[in-house]
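Novice: Sequential numbering of the sequence shown, starting at 1242, is according to the numbering used here.
Cβ coordinates follow ideal geometry from the N, Cα and C atoms, glycine included.
This structure is a prediction, so every number in the text was calculated from the model and none was measured.
Mind looking over this structure? Questions follow.
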Amino acid sequence: MSTVEGLYDQPAAGSENNSVWVKALGAWGKNSGSSDSASSTSSLGGLLAGVDGLISEHTRLGAMAGYSDTSLSLGDDTHSRASADSYHLGAYIGHEQGALRLTAGASHSWHRIDVKRDLQFGAFADRQKVKRDARSSQVFTEAAYRLNLQPLALEPFANLAYVHFDSDSFTEKGGATALKGSDDTRDTVLSTLGIRAGNRFNLNDTQKLDVSATLGWQHNLSDTSSEQHLAFTSAGNSFNTQSVSMDRDAAVVGARASLTLGRDARINLNHNGLLGARDKTHGVGLSLDWQF
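Printed below as a string of structure tokens:
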């Protein structure tokens, strides 16, 4: 997902124990492109681990770290692809006061990006490649209010997230069509309004199954596209290129199941989706929590 809150399970201030967790995650997406930009597909896999605990009666603080690998392929006619190795550090906090729950979090990631482009124009063929470093930072805050109805519990929520991305300048290695570019910086602000619905099933004296679903609307409050200034390394010719536009609005969907295995262990399975007119992204996560 776009923001750090998708990286970990929401902290529950109701538990009196400290918790350590590990989470395997995967995601896949597709951008349909436009008349002047190629379509693309992406995939991600990663592993995260974290620890959290109470710092006051109703407040829980946690930290996480992890690694992920991302692959991106452009449309078949472009013969272009990219991969990124990413390392993540983050912190989060949750506070509950009655039915009100407040959550906030922040993360910073380091990315090593490897890009390859194969160009063909009639009898002309050329291959370009480059490695560049990039960084991204994210912060978010969320307010939710729990309504205990029968048979479901409903939780309307409002979320605001800020994402900052910056990458170093680069120079491709290749032939006459190799490019160079300057530093690139992008900022995105996202708001999400939605509702969660959940229920608990008591399977036996020690096992409980919690299931929930999420439906929301995400709105992009910033520019949906950006430009970068490029130039050919073999000549002085330069030009501007525009990125593929992001969706201004998208539907947020999610489902989660959490099974208590005993007094100290819990396994969680979740799915998150972001469905826009151009971009469609799905993510899954499997995590194991152990309380001590």
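Tell me whether residue 1252 sits in a helix, a strand or coil according to DSSP, three-state version.
Specialist: Residue placement at residue 1252 is flagged as unreliable, the pLDDT there being 49, under the threshold of 50; the coordinate-derived value follows with that caveat. DSSP places residue 1252 in coil when its eight states are reduced to three.
Novice: State the CB to CB distance for the pair residue 1193 and residue 1494, rounded to an integer number of angstroms; the pair is presumed to be in contact (CB under 8 Å).
Specialist: Given that the chain is displayed from residue 1242 to residue 1533, the structure contains no residue 1193 and the question cannot be resolved.
Novice: Would you kindly check if the distance between the Cβ of residue 1312 and the Cβ of residue 1287 is under 8 Å?
Specialist: No; because the gap between Cβ atoms is not below 8 Å, this pair is not in contact.
Novice: So does the region 1330-1343 actually touch the region 1354-1373, counting three or more Cβ pairs closer than 8 Å?
Specialist: Counting Cβ pairs under 8 Å, fewer than three are found: no touch.
Novice: By alpha-carbon positions, which one of 1484, 1412, 1439 ends up nearest to residue 1426?
Specialist: Considering only alpha carbons, the answer is 1484.
Novice: Where DSSP assigns a beta bridge to residue 1542, which residues make up the other side?
Specialist: There is simply no residue 1542 to check, as the chain begins at 1242 and stops at 1533 in what is shown.
Novice: Considering just the uninterrupted stretch of the beta strand (DSSP E) at residue 1480, what are its terminal residues?
Specialist: 1479-1483 is the extent of the beta strand (DSSP E) around residue 1480.
Novice: Measuring straight from C-alpha to C-alpha, what distance separates residue 1339 and residue 1490?
Specialist: Using only the alpha carbons, I get a separation of about 32 Å.
Novice: Which of the three DSSP states, helix, strand or coil, is assigned to residue 1391?
Specialist: Coil.
Novice: Can the beta-carbon of residue 1387 be found closer than 8 Å to that of residue 1409?
Specialist: No.
Novice: So if DSSP puts residue 1429 in a beta bridge, which residue, or which two residues, is it bridged to?
Specialist: Looking at the DSSP assignment, residue 1429 forms a beta bridge with 1404.
Novice: When the Cα atoms are used, what is the spatial distance from residue 1284 to residue 1344?
Specialist: Distance between the alpha carbons of residue 1284 and residue 1344 is about 28 Å.
Novice: Please report how far the alpha carbon of residue 1513 lies from the alpha carbon of residue 1377, in whole angstroms.
Specialist: Cα-Cα distance, rounded: 21 Å.
Novice: On a CA-only basis, which of 1421, 1445, 1453, 1304 is nearest residue 1473? Give me that one, please.
Specialist: Minimum Cα distance to residue 1473 is reached at 1421.
Novice: Closest by CA to residue 1441, which one among 1389, 1352, 1487?
Specialist: The option with the nearest alpha carbon to residue 1441 is 1389.
Novice: Can you tell me whether residue 1348 is buried or exposed, with buried defined as 16 or more other CB within 10 angstroms of its CB?
Specialist: Label assigned to residue 1348: buried.
Novice: Go ahead and pull the three-state DSSP assignment for residue 1517.
Specialist: Reduced to three states, the DSSP call for residue 1517 is strand.
Novice: Could you tell me the distance, in whole angstroms, from the CA atom of residue 1527 to the CA atom of residue 1301?
Specialist: So the alpha carbons of these two residues sit roughly 22 Å apart.
Novice: Specify, as a first and last residue, the run of the beta strand (DSSP E) that residue 1268 falls within.
Specialist: Residues 1260-1272.
Novice: Taking the straight line between their C-alpha atoms, what separation do you get for residue 1503 and residue 1297?
Specialist: About 25 Å.
Novice: What number of angstroms, rounded off, separates the C-alpha of residue 1401 from the C-alpha of residue 1436?
Specialist: Roughly 15 Å between the two C-alpha positions.
Novice: Exposed or buried, residue 1370, counting other C-beta atoms within 10 Å across all chains shown (16 or more means buried)?
Specialist: The residue is exposed, with fewer than 16 neighbouring Cβ atoms inside 10 Å.
Novice: State the start and end residues of the unbroken beta strand (DSSP E) segment that holds residue 1421.
Specialist: It spans 1420-1422 - the beta strand (DSSP E) in which residue 1421 sits, taken as one unbroken run.
Novice: Compare the Cα-Cα distances from residue 1411 to each of 1429, 1398, 1431, 1469 and report the closest residue.
Specialist: Ranking 1429, 1398, 1431, 1469 by Cα distance to residue 1411 puts 1469 first.
Novice: To the nearest whole angstrom, what separates the beta carbons of residue 1273 and residue 1519, a pair I think is in contact under 8 Å?
Specialist: Right, the Cβ-Cβ distance comes to about 5 Å (below 8 Å), so this counts as a contact.
Novice: Skipping 5 residues on each side, what residues in its chain have a beta carbon closer than 6 Å to that of residue 1404?
Specialist: Correct list, in chain order: 1379, 1429.
Novice: With a cut-off of 8 Å on the beta carbons, I'd call residue 1305 and residue 1323 a contact; round off their distance for me.
Specialist: No, residue 1305 and residue 1323 are not in contact; Cβ-Cβ is about 26 Å, not under 8 Å.
Novice: Given a cut-off of 8 Å, decide if residue 1321 and residue 1358 are closer than it, judged by their beta-carbon atoms.
Specialist: Result yes, Cβ atoms of residue 1358 and residue 1321 sit closer than 8 Å.
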